[in-house]
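> Below: one structure in structure tokens.
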Amino acid sequence: MSSSVKPEPAKGSIKTLIGLLPFLQPYKRQFLLAGLALIVAAAATLAIPYAFKQMIDLGFGAAGSKSASHINLYFLALFGVACILGVATALRFYMVSWLGERVTADLRSAVYAHVVTQSPQFFETTKTGEVLSRLTTDTTLIQTLVGTSISMALRNGLLFIGGMVMLFITSVKLSSIIIVMLAAVVLPIVFYGRRVRKLSRESQDRVADASALAGEILNAMPTVQAFTHEEIEAKRFGTSVERAFHTAMQRIRARSVLTMMAILLVFGAIVFVLWLGAHAVVQGTMSGGQLGQFILYASLVAGSIGALSEVLGDTQRAAGATERLLDLLAAQSPVQSVLLPETLPPRTANGAALQLDDVVFHYPSRPDSNALMHLSLDIKPGETIAVVGPSGAGKTTLFQLLLRFYDPQHGKITLDGVDIRFLTLPALRNAIGIVPQDTVIFSENALENIRFGRADASDEEVIAAARMAAAHEFIERLPQGYQSFLGERGVRLSGGQRQRIAIARALLKNPPLLLLDEATSALDAESERLVQVALEAAMVGRTTLVIAHRLATVQRADRIVVVEHGRIVETGTHTELIARNGLYASLAALQFNTD
Ligand SMILES: Nc1ncnc2c1ncn2[C@@H]1O[C@H](COP(=O)(O)OP(=O)(O)OP(=O)(O)O)[C@@H](O)[C@H]1O
Ligand SMILES: [Mg+2]
């Protein structure tokens with residue numbers, strides 16, 4: 149239900165475009181080819197008015213014996229120039245569009261590949277919607293720049309300069325007049341054109357407003373109907389649509405005026421210069437062909453000015469987009485693998501040993517309040533530790549540190565004797581399996597959802613893991629068994645089923661260290677029993693840390709660690725801690741589901 153309308157991207161400084169160079173560098177050859185085609189095409193375009201003049205003056209005008217052969221020659225030459233123009237233009241279009249698509253694809257992949265390596269800290273401050281819009285909208289702006297604007301700018305720049313030179317060669321007097329005329333004609337059109345473009349963007353925004361409104365309401369139909377809001381919502385949408393219509397009409401009116409103005413001004417200017425030229429022809433100071441040539445060059449120059457002003461706007465928007473993309477690419481994850489990593493010792497049959505030594509940690513966004521304080525814990529291979537404590541005590545935070553989503557500010561964590569900061573991130577995370585509080589189900593079938601635990605697992609291994617996690621039976625009963633699509637976010641599964649999929653995933657990975665964040669939501673008795681069976685299977689042959697909300701889990705643990713305000717306040721077995729009558733005893737009385 150993201151309903152916010154994307155604001156018009158900021159206009160950036162054109163200098164930031166230099167940052168794009170690394171993405172253009174690999175395609176130097178293609179740029180060269182495109183540039184060559186562009187120059188040939190521009191030269192051919194500039195030659196056409198001249199060829200026209202030759203055709204008129206020498207082909208039509210000169211009477212005499214040579215006239216017939218001249219006609220053939222000049223018409224052939226004109227057609228030849230057109231052929232060159234056609235081929236060169238097509239080649240330029242092909243090369244430049246290819247470059248635009250290629251560079252955009254590279255940029256998208258590079259940004260995505262970079263973003264997925266960022267630590268959670270990055271995603272706390274950056275909205276996913278923003279990243280998505282950078283990947284799509286911003287890269288599209290750059291595609292326009294590379295695929296169209298650069299070549300437009302070059303082409304029209306060449307045409308402008310070449311056209312100007314040719315104008316002055318043709319007639320200095322008329323050229324001076326036409327420069328004044330061009331300014332008078334082009335400036336109002338460019339100015340008014342800008343207003344039309346702004347209005348058309350506004351009109352798009354209003355349509356986006358209306359559809360965002362509809363999207364939100366359509367997603368909440370049961371609530372809307374339960375409160376009999378249908379009429380009110382229909383009216384609200386109606387108002388929004390009317391607003392869009394109103395803005396569209398403004399744009400259409402402006403556009404009509406622009407069209408009229410452009411035609412009147414351009415034709416007026418051409419007729420005026422033709423009129424001057426006609427007099428010059430009558431007086432014999434200019435030939436008919438020269439006049440024709442002059443008019444053609446003048447329209448080339450006028451067109452190139454219009455195009456250049458449009459390119460400038462596009463370029464500024466692309467510069468803004470580049471700035472945002474480069475920012476994204478420059479983001480450095482605070483959690484990095486070391487250059488010379490150590491490796492874990494070979495795995496033992498019991499699982500991994502884990503040690504926390506005086507760990508102090510605060511979240512980067514809350515430097516004044518420590519989430520964990522002087523935490524020390526020694527866990528032997530194969531132990532099952534239950535972590536309990538009130539909400540907000542720091543239990544999930546502990547798991548985040550073990551996975552190195554964050555690094556502690558003080559103290560160290562060792563896995564099998566190796567400081568986890570000296571392991572590569574993949575080496576560390578491959579050694580840990582996690583069953584999170586809220587299971588993420590991907591819009592895939594059951595088989596692929598479990599295979600997420602280990603991408604290279606065979607179908608048989610996936611099914612074996614599902615059996616261990618007590619998920620096999622319910623998956624078999626789904627309409628297409630393991631091939632059943634589980635729906636976006638797993639909407640087609642119950643809470644207990646989703647958890648067993650998550651456990652199967654962790655079992656498939658078969659890690660020496662297992663982290664379980666028990667779901668707080670209550671399950672019905674049967675699901676509860678099945679999840680317990682699955683967990684029991686999951687803990688065999690490995691070290692397990694489980695954030696426990698259920699008495700059954702706590703009683704099965706070798707040791708219970710009680711956390712409060714980021715500190716360990718008690719450790720012991722269930723009976724020991726009950727006997728002590730401290731925090732654990734009161735938590736147990738209040739919190740645990742004892743049925
Ligand atoms: N990303 C974060 N940025 C800043 N503070 C955070 C962040 N995540 C958690 N905290 C804070 O850190 C403290 C510990 O949170 P944590 O999630 O570890 O609690 P918990 O013990 O898992 O609680 P629960 O049982 O409710 O899941 C809380 O005060 C919480 O507000
Ligand atoms: Mg938690």
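Those letters in the sequence shown? Residues 149 to 743, by my numbering.
For glycine and all other residues, C-beta sits at the position ideal for the given N, C-alpha and C.
#1: Are the CB atoms of Asn-578 and Ile-589 within a distance shorter than 7 angstroms?
#2: Looking at Gly-581: is its Cβ nearer than 7 angstroms to the Cβ of Leu-525?
#3: Output the residues surrounding ligand 4, defined as those with a CB atom closer than 6 angstroms to any ligand heavy atom, in chain order.
#4: With three or more C-beta pairs closer than 8 angstroms as the rule, is the stretch 326 to 333 touching the stretch 442 to 459?
#5: Between Tyr-222 and the rest of its own chain, which residues show a CB-CB distance below 8 angstroms, the 5 nearest in sequence each way excluded?
#6: Relative to the alpha-carbon of Pro-482, which residue among Gln-703, Ala-705, Leu-180 and Gln-269 has its alpha-carbon at the smallest distance?
#7: Indicate the three-state DSSP secondary structure (helix, strand or coil) for Met-521 in the structure shown.
#8: For the putative contact between Leu-413 and Ile-337, defined by C-beta atoms under 8 angstroms, what is the C-beta separation to the nearest angstrom?
#9: May I have the straight-line CA-CA distance separating Gln-557 from Ala-519, to the nearest angstrom?
#10: Tell me the rounded alpha-carbon separation between Ala-158 and Ala-469.
#11: Where do the N-terminal and C-terminal ends of the alpha helix (DSSP H) with Val-414 fall, by residue?
#12: Within a Cβ cutoff of 7 angstroms, which residues of the same chain sit near Ala-225, ignoring the five residues on either side of it in sequence?
#13: Between Arg-552, Leu-315 and Val-459, which lies nearest to Ser-447 when the distance is taken from Cα to Cα?
#14: Mark Thr-587 as exposed unless 16 or more other C-beta atoms lie within 10 angstroms of its C-beta, in which case mark it buried.
#15: Report the partner residues of Arg-707 according to the DSSP bridge assignment.
#16: Given this structure, state the Cα-to-Cα distance separating Glu-621 from Arg-615, to the nearest angstrom.
#17: Judging by CA-CA distance, which residue of Val-566, Ile-649 and Gln-431 is the nearest neighbour of Gln-686?
#18: Assign Pro-174 to one of two classes, buried (16 or more other C-beta atoms within 10 Å of its C-beta) or exposed (fewer than that).
#19: Pick helix, strand or coil for Leu-476, following the three-state DSSP scheme.
#20: Output yes or no for whether 7 angstroms exceeds the beta carbon distance between Val-610 and Leu-595.
#21: Measure the Cβ-Cβ separation of Thr-395 and Ser-351 and say whether it is below 7 angstroms.
#22: So which of Gly-436, Lys-657 and Arg-384 has the shortest CA-CA distance to Ser-606?
#23: Is it a yes or a no for the stretch 477 to 497 touching the stretch 225 to 241, going by three-plus beta-carbon pairs under 8 angstroms?
#24: Can you say whether Ile-162 is buried or exposed, counting buried as having 16 or more other CB atoms within 10 angstroms of its CB?
#25: Here's the rule I'm using: 16 or more other beta-carbon atoms within 10 Å means buried, otherwise exposed. How should Ser-151 be labelled?
#26: Along the chain, where does the alpha helix (DSSP H) containing Gly-363 start, and where does it finish?
#27: Could you spell out the range, first to last residue, of the alpha helix (DSSP H) harbouring Asp-607?
#28: Candidates Val-710, Asp-567 and Arg-599: which alpha carbon is nearest Gln-503's?
#29: In chain order, what residues of the same chain have a beta carbon less than 8 angstroms from the beta carbon of Pro-155, not counting five sequence neighbours either side?
#30: Is Thr-164 closer than 7 angstroms to Ala-467 when the C-beta atoms are compared?
#31: Under the three-state reduction of DSSP, which class applies to Lys-176: helix, strand or coil?
#32: Which residues in the same chain have their Cβ closer than 8 angstroms to the Cβ of Gly-689, if we skip the five residues on either side of it in sequence?
Considering the structure as presented:
#1: With respect to the 7 angstroms criterion, Ile-589 and Asn-578 are not classified as neighbours on the basis of their beta carbons.
#2: Cβ distance not < 7 angstroms, so Gly-581 and Leu-525 don't count as in contact.
#3: For ligand 4, the structure offers nothing, since it holds only ligand 1 and ligand 2.
#4: Yes: at least three Cβ pairs fall under 8 angstroms.
#5: Around Tyr-222, the same chain offers Ala-199, Gln-202, Met-203, Leu-206 and Gly-207 as residues with beta carbons nearer than 8 angstroms, after the five sequence neighbours per side are excluded.
#6: The alpha carbon of Pro-482 has as its nearest neighbour, out of Gln-703, Ala-705, Leu-180 and Gln-269, the alpha carbon of Gln-269.
#7: If DSSP states are grouped into helix, strand and coil, Met-521 belongs with the strands.
#8: Right, their Cβ atoms sit about 7 angstroms apart.
#9: Each residue's Cα considered, the two are about 11 angstroms apart.
#10: Low confidence applies to Ala-158: its pLDDT is 47, below 50, so where it sits in the model is not reliable, and the reading given next is rough at best. Rounded to the nearest angstrom, the two C-alpha atoms are 8 angstroms apart.
#11: That run of the alpha helix (DSSP H) goes 378 to 431.
#12: Excluding residues within five positions, the ones whose Cβ falls inside 7 angstroms are Ala-199.
#13: When only C-alpha atoms are compared, the closest one is Leu-315.
#14: Thr-587 sits buried, since 16 or more C-beta atoms from the chains shown fall within 10 Å of its C-beta.
#15: Note: Arg-707 sits in a beta bridge opposite Ile-533.
#16: Approximately 8 angstroms between the Cα atoms of the pair.
#17: For the sequence presented, residue 686 should be read as Ala rather than Gln. The candidate whose alpha carbon is nearest that of Ala-686 is Ile-649.
#18: Pro-174 counts as exposed, since fewer than 16 other beta carbons sit within 10 angstroms of its beta carbon.
#19: Three-state result, Leu-476: helix.
#20: Remark: C-beta atoms of Val-610 and Leu-595 approach each other more closely than 7 angstroms.
#21: Yes; because the gap between Cβ atoms is below 7 angstroms, this pair is in contact.
#22: Considering only alpha carbons, the answer is Lys-657.
#23: Result no; under three Cβ-Cβ pairs closer than 8 angstroms.
#24: By the neighbour-count rule (16 or more Cβ atoms within 10 Å), Ile-162 is not buried but exposed.
#25: Low confidence applies here, because Ser-151 scores a pLDDT of 36, under 50, leaving its location unreliable; read the following figure in that light. By the 10 Å Cβ count, Ser-151 comes out exposed.
#26: Run containing Gly-363: 320 to 366, per the alpha helix (DSSP H) assignment.
#27: Asp-607 -> alpha helix (DSSP H) spans 607 to 616.
#28: Per the Cα distances, Asp-567.
#29: In this prediction, Pro-155 has a pLDDT of 43, which is less than 50 and means its spatial position is unreliable; what the coordinates show is noted afterwards. No residues qualify anywhere along the chain.
#30: Cβ atoms of Ala-467 and Thr-164: closer than 7 angstroms.
#31: Helix, per DSSP.
#32: Leaving aside the five residues that flank Gly-689 on each side, the residues in its chain whose CB is nearer than 8 angstroms to its CB run, in chain order, Ala-497, Asn-498, Gly-499 and Gly-530.
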